[in-house]
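Residue numbers 6 to 164, in the numbering used here, belong to the letters of the sequence shown in order. C-beta: ideal position from N, C-alpha, C; glycine also. Predicted model, so just to flag it, every value in this text is computed and none were measured. For reference, the structure is listed below as structure tokens.
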Amino acid sequence: NRQVGQETTSKIYLPALKASDIDEAEQAAAAPPEGGDETILLVDDEAAIRGFAEQALLKFGYTVLTAANGEEALRVCEENRDRIDLVILDIGMPVMDGRRCLVELQRGAPGIKVLMASGYSINSDEIAALGSGTVGFIPKPYNLTNLLARVRAALANRP
Numbered sequence: 006n007r008q009v010g011q012e013t014t015s016k017i018y019l020p021a022l023k024a025s026d027i028d029e030a031e032q033a034a035a036a037p038p039e040g041g042d043e044t045i046l047l048v049d050d051e052a053a054i055r056g057f058a059e060q061a062l063l064k065f066g067y068t069v070l071t072a073a074n075g076e077e078a079l080r081v082c083e084e085n086r087d088r089i090d091l092v093i094l095d096i097g098m099p100v101m102d103g104r105r106c107l108v109e110l111q112r113g114a115p116g117i118k119v120l121m122a123s124g125y126s127i128n129s130d131e132i133a134a135l136g137s138g139t140v141g142f143i144p145k146p147y148n149l150t151n152l153l154a155r156v157r158a159a160l161a162n163r164p
């Protein structure tokens, strides 16, 4: 039974961090994100997410082509096959989802590098099952540091 004028105490419990987590976070903050000059095809049906990623990649020197769905991605890829160094492909899209688009991209451009993206968690077995053309996974929504790091790693074929 609270009375008017009586104070309320709230406690917030946060997970503990290991010293190594803090060191990694400090190193990531200290190291400037790395860009590049490669061409990236960015495929996402969400305009806000596509717009953020496009602007971030452009700012760091990349050439960016965009598509709002899988069918559009196939058309852009066909028109620019020799220019595209990496595809960032959203898994869940209308018209043609990312899984089907991946198969078609690999059929039309064998060896193309594809970085899968999703707002849902996905494990490494699921990524491997998507196909040999995948060079990793990036969670959405994107943050600048993670986006740039995953793109560089995918272009270098590092996990």
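Asked, Found
"Beta-carbon contacts of G41 that lie in its chain and below 8 Å, excluding the five residues immediately before and after", "F65, G66, Y67, V156, R157, L160"
"Proximal residues to N162 (C-beta, below 8 Å), its chain only, five neighbours per side dropped", "K118, V140"
"Nearest candidate by alpha-carbon position, reference P144, set I54, R88, R104", "I54"
"Nonlocal neighbours in the same chain, by C-beta distance under 7 Å from N74, ignoring five residues either side", "D50, M98, P99, V100, M101"
"Q152 versus E39: straight-line alpha-carbon distance, rounded", "Sequence inspection shows Leu at residue 152; the Gln mentioned does not correspond to that position. Taking the straight line joining both Cα atoms gives about 10 Å."
"R80 versus L63, L110, I93, residue with shortest Cα-Cα distance", "L110"
"Alpha helix (DSSP H) segment containing I93, residue limits", "Segment 91-95 is the beta strand (DSSP E) holding I93; no alpha helix (DSSP H) there."
"Outcome for D95 when other beta-carbon atoms lying within 10 angstroms are tallied against a minimum of 16", "buried"
"G141: first and last residue of the uninterrupted beta strand (DSSP E) it sits in", "139-144"
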